[in-house]
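*Asks:*
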Amino acid sequence: MEFVEFPKIARLSRECTITEKIDGTNGCIAIGEDGSFLVGSRSKWITPLDDNFGFARWAYEMKEDLLKLGPGRHWGEWWGAGIQR
């Protein structure tokens, strides 16, 4: 499956309310029509050996449940259990 980079989000140029951003990182679960399973960051495919704050490790541990999302690219913000300090 070809990697598709997550696009930049345009800046808001109107009156708005500012809130605190959760410190996280972009994550993608890609599921092919054939059941193939890939994990991505904002700019590349990742694995538990070439990880992004524990996201790939978590995704492969949860693969059986994540496959239930069905085919497609499922984007989100990874925050939490994968970050060790």
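According to my numbering, the stretch in the sequence shown is residues 553 to 637, in order.
All C-beta atoms, glycine included, are put in the ideal place defined by N, C-alpha and C.
In this text the structure is predicted, and so the values were computed from the model without any measurement.
Looking at the secondary structure, which residues open and close the beta strand (DSSP E) in which Glu-629 lies?
*Replies:* If you number the sequence shown from 1, residue 629 lands on position 77. Its beta strand (DSSP E) spans residues 624-630.
*Asks:* What distance in whole Å lies between the Cβ atoms of Gly-579 and Ser-593, which are believed to be in contact at a cut-off of 8 Å?
*Replies:* Counting from one through the sequence shown, the residue named residue 593 turns up at place 41. Counting from one through the sequence shown, the residue named residue 579 turns up at place 27. So it is a contact: roughly 7 Å between Cβ atoms.
*Asks:* So, is Ile-581 buried or exposed, given that buried needs 16 or more other C-beta atoms within 10 angstroms?
*Replies:* By one-based count along the sequence shown, residue 581 stands at place 29. Buried.
*Asks:* Helix, strand or coil for Phe-605, going by three-state DSSP, please let me know.
*Replies:* Here residue 605 corresponds to residue number 53 of the sequence shown, with the count starting at 1. Reduced to three states, the DSSP call for Phe-605 is coil.
*Asks:* What are the residues that DSSP puts in a beta bridge with Phe-589?
*Replies:* One-based indexing of the sequence shown puts residue 589 at position 37. According to DSSP, which records beta bridges pairwise, Phe-589 is partnered with Ile-583.
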